[in-house]
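Q: Heads up, the sequence shown is in this note's numbering, so the first residue is 483 and it goes up one at a time. Pasting a structure below so you can have a look.
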Amino acid sequence: MNARPRRMPRPLLVLLCVAAVEAISWAVLLPPLQGPDEMAHVGYTQRMVEGRVLPWRPAGGLGPERVSTEARIALGWGGVEALRGNPAARPPGSDVVVAEWARRGAGLSRAQRADGTSTTAMANPPLYYVYDAVPYVAASGAGFFDRVMLMRLFNVPLLLATIGLCWLLLGELFPGRPWARTVGVGAVTMQPQVVQQAAVVNPDMLLAAVWSGFLYLAVVTLRRGASTARVGGLVALAAASCLTHARGVSIVAPLGLVLAIAVWRSWRPTWSRGRWAAGAAAVCVAGAPVVYLALRYATGGRLTVSSAREFLSYLWQFYLPALPGMRPPPGPSWGVRDVAVDRLWSGFAQFEVSFPPGVLDAIAWLTLVLALLAVARLFTRWRTVDRGVVAVLFVAVSAYVLQMHLAGFRSVFGGSPDPILTGRYLLPLAGVGAAGLAAAVSWLPRRAAVVAGGVVLALLALVQVGASGLMLERFYA
Numbered sequence: 483m484n485a486r487p488r489r490m491p492r493p494l495l496v497l498l499c500v501a502a503v504e505a506i507s508w509a510v511l512l513p514p515l516q517g518p519d520e521m522a523h524v525g526y527t528q529r530m531v532e533g534r535v536l537p538w539r540p541a542g543g544l545g546p547e548r549v550s551t552e553a554r555i556a557l558g559w560g561g562v563e564a565l566r567g568n569p570a571a572r573p574p575g576s577d578v579v580v581a582e583w584a585r586r587g588a589g590l591s592r593a594q595r596a597d598g599t600s601t602t603a604m605a606n607p608p609l610y611y612v613y614d615a616v617p618y619v620a621a622s623g624a625g626f627f628d629r630v631m632l633m634r635l636f637n638v639p640l641l642l643a644t645i646g647l648c649w650l651l652l653g654e655l656f657p658g659r660p661w662a663r664t665v666g667v668g669a670v671t672m673q674p675q676v677v678q679q680a681a682v683v684n685p686d687m688l689l690a691a692v693w694s695g696f697l698y699l700a701v702v703t704l705r706r707g708a709s710t711a712r713v714g715g716l717v718a719l720a721a722a723s724c725l726t727h728a729r730g731v732s733i734v735a736p737l738g739l740v741l742a743i744a745v746w747r748s749w750r751p752t753w754s755r756g757r758w759a760a761g762a763a764a765v766c767v768a769g770a771p772v773v774y775l776a777l778r779y780a781t782g783g784r785l786t787v788s789s790a791r792e793f794l795s796y797l798w799q800f801y802l803p804a805l806p807g808m809r810p811p812p813g814p815s816w817g818v819r820d821v822a823v824d825r826l827w828s829g830f831a832q833f834e835v836s837f838p839p840g841v842l843d844a845i846a847w848l849t850l851v852l853a854l855l856a857v858a859r860l861f862t863r864w865r866t867v868d869r870g871v872v873a874v875l876f877v878a879v880s881a882y883v884l885q886m887h888l889a890g891f892r893s894v895f896g897g898s899p900d901p902i903l904t905g906r907y908l909l910p911l912a913g914v915g916a917a918g919l920a921a922a923v924s925w926l927p928r929r930a931a932v933v934a935g936g937v938v939l940a941l942l943a944l945v946q947v948g949a950s951g952l953m954l955e956r957f958y959a
């Protein structure tokens, strides 16, 4: 007899439907090109499709930023530029304005679509822009803003993929606990910054989907053993991460660890203390060049003992108060609260739409409490957890965050006021965050945990509704 096909779990189906409605609503609610760096990403795809070139410039040399003639008309006569970072401005809605934009944008040639020369996004690898070229080409006969809207909607499948892969990941980490999966993945679904990135043209959502898939497959490989398909999938996802964004290169670290642990477990050698010490020394020797190259990158090639100490001081002060004798780090005052709370849970559109400080304070304290509960839960279950899985998740988070710090320090050390570190950059770690929340509420007995999880999801729903309300007030009140 044929096996009956497995049905999608109802909680997952509900979460996927909620996520799709949220993302589509935000795509409609947020005026065109008001997402973070959205015009730069649209310009990348437009230049690639219309100019039939690959505009990727990984070594820099981008030149002055200039979008196409069509895009400049849309920015000016479509009222986009007047909205950018201007809380007093509202989208133009009169028939006169719409008619004037339509008149000026009518009859543009292909050359006027393809004459954009450079955007800041062209330093990014091309995978996301190849993906977004599909809706651009499909709507090539439509107007500029219609093409942008379809490109936005093409991010919704990436959001659904991220949620589905996080569901599978938590199923491996919390087998037999569907309530834990629902709470953890529900937090990803309700997170307003996740929804915003799914509603604008931006590669962060693809990077989140790739990392969620990689972490799921990594856990499966460690729990069930390596196979050609699993190792091939891990390598393919790692390559996709590297081809999506420069931040994705850090995936090489957990990939190497997964493969090393898989080989170790299949081999299972018996080592004496001397061999363990020799192995540890070999790891340190092999890691020294990596540390040197990382610090050299962070300091822009100006690596000295003083600059290395300055980087360590910057890293310490990002998370903790300065020790006696520490000088303030270079650049603006920018710390973990700014990234992990203020910009992760707020700072929508062009960063000018935010929750009141009191709301962000409450989110910060709740996040800290849940993080401490998750860590404490891990230590109480240390004898029963798969330490290889814990190590891979830890290395994935550490490598990704460290790469962000290296790039951030390089920017401010070179004199730039931009720390290149913001909340949406943390979205690839959504699966780890979902697992942490599930672990935090699992302290309680089953019934109490279900109630606590329901309360957390209700609060997150309020945050999502509140964020939508702020967007409505910003652009339409």
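Virtual Cβ for every residue (Gly too), placed ideally from N, Cα, C. For clarity, every value in this text was computed on a predicted model and none was experimentally measured.
Helix, strand or coil for Ser576? Go by DSSP, reduced to three states.
A: It is coil, neither helix nor strand.
Q: Determine the direct distance from the alpha carbon of Val676 to that of Phe957, and round the result to whole angstroms.
A: 20 angstroms
Q: Should the segment 503 to 518 be called in touch with the segment 592 to 611, which here means at least 3 C-beta pairs below 8 angstroms?
A: Counting Cβ pairs under 8 angstroms, fewer than three are found: no touch.
Q: Is the beta carbon of Leu926 sitting closer than 8 angstroms to the one on Ala934?
A: yes
Q: Verify whether the separation of the beta carbon atoms of Asp843 and Arg705 is less than 8 angstroms.
A: no
Q: Which one or two residues does DSSP pair with Arg548 in a beta bridge?
A: Ser600
Q: Could you check the C-alpha separation between Pro966 and Thr599 for me, to the nearest Å?
A: Residue 966 lies beyond the residue range present for the chain, which begins at 483 and ends at 959; the question has no answer from this structure.
Q: Taking the alpha carbon of Glu875 as the reference point, which residue from Val638, Glu834 and Ile743 has its own alpha carbon closest?
A: For the record, residue 875 in the displayed sequence is Leu; it is not Glu. When only C-alpha atoms are compared, the closest one is Ile743.
Q: Between Pro810 and Leu777, what straight-line distance do the alpha-carbon atoms span, to the nearest angstrom?
A: One C-alpha to the other measures close to 19 angstroms.
Q: Figure out for me which residue from Val787, Tyr882, Val923 and Val821 has the closest Cα to the Cα of Val851.
A: Val923
Q: Phe957 by DSSP, collapsed to three states: which one?
A: helix
Q: Going by the CB atoms, is the gap between Val531 and Val619 shorter than 8 angstroms?
A: yes
Q: How many angstroms separate the CA atom of Met483 from the CA atom of Trp693?
A: Low confidence applies to Met483: its pLDDT is 43, below 50, so where it sits in the model is not reliable, and the reading given next is rough at best. Each residue's alpha carbon lies about 38 angstroms from the other.
Q: Along the chain, which unbroken stretches of the alpha helix (DSSP H) at least 4 residues long are found entirely within the segment 615 to 686?
A: The segment 615 to 686 contains these whole alpha helix (DSSP H) runs: 626 to 635, 638 to 655, 660 to 672 and 674 to 680.
Q: Look at the Cβ atom of Gly561, then the Cβ atom of Pro574, and state whether they are nearer than 8 angstroms.
A: yes
Q: In chain order, which beta strand (DSSP E) runs of at least 3 residues are fully inside the segment 488 to 514?
A: none
Q: List the endpoints of the continuous alpha helix (DSSP H) containing Asp843.
A: Pro839 to Thr862
Q: Span of the alpha helix (DSSP H) holding Glu792?
A: Val787 to Tyr801
Q: So is Phe861 in contact with chain C if we call contact Cβ pairs under 8 angstroms?
A: No chain C appears in this structure, which consists of one protein chain only.
Q: If you measure between the beta carbons of Ala912 and Thr644, is that distance less than 8 angstroms?
A: yes
Q: Let me know if Gln946 comes out buried or exposed under the rule of 16 or more other beta-carbons within 10 Å of its beta-carbon.
A: buried
Q: What does the alpha-carbon distance come out to for the pair Trp661 and Ala790?
A: Rounded to the nearest whole angstrom, the CA to CA distance from Trp661 to Ala790 is 46 angstroms.
Q: What three-state label does DSSP hand Asp830 in the structure shown?
A: Checking the displayed sequence, the identity of residue 830 turns out to be Phe instead of Asp. Reduced to three states, the DSSP call for Phe830 is strand.
Q: From this set, Val818, Ala873, Gly807 and Cys766, which residue's C-alpha is nearest Phe800's C-alpha?
A: Val818
Q: If you check the beta carbons only, do Val821 and Thr904 fall under 8 angstroms apart?
A: yes
Q: Tell me the DSSP secondary structure of Val535 in three-state form.
A: In the structure shown, Val535 sits in coil (DSSP, three-state: anything other than H, G, I, E or B).
Q: Cα-Cα, which of Leu650, Gly668, Pro674 and Gly525 is closest to Arg906?
A: Pro674
Q: In the DSSP assignment, find the unbroken alpha helix (DSSP H) run with Gly715 in it and report its ends.
A: Thr710 to Cys724
Q: Quick one: what does DSSP say Val767 is sitting in, helix, strand or coil?
A: helix
Q: For the candidate residues Pro803, Leu794, Gln885 and Ala921, whose alpha-carbon lies nearest to that of Leu854?
A: Ala921
Q: So who's on the other strand from Val835, going by DSSP bridges?
A: Beta-bridge partners assigned by DSSP to Val835: Phe830.
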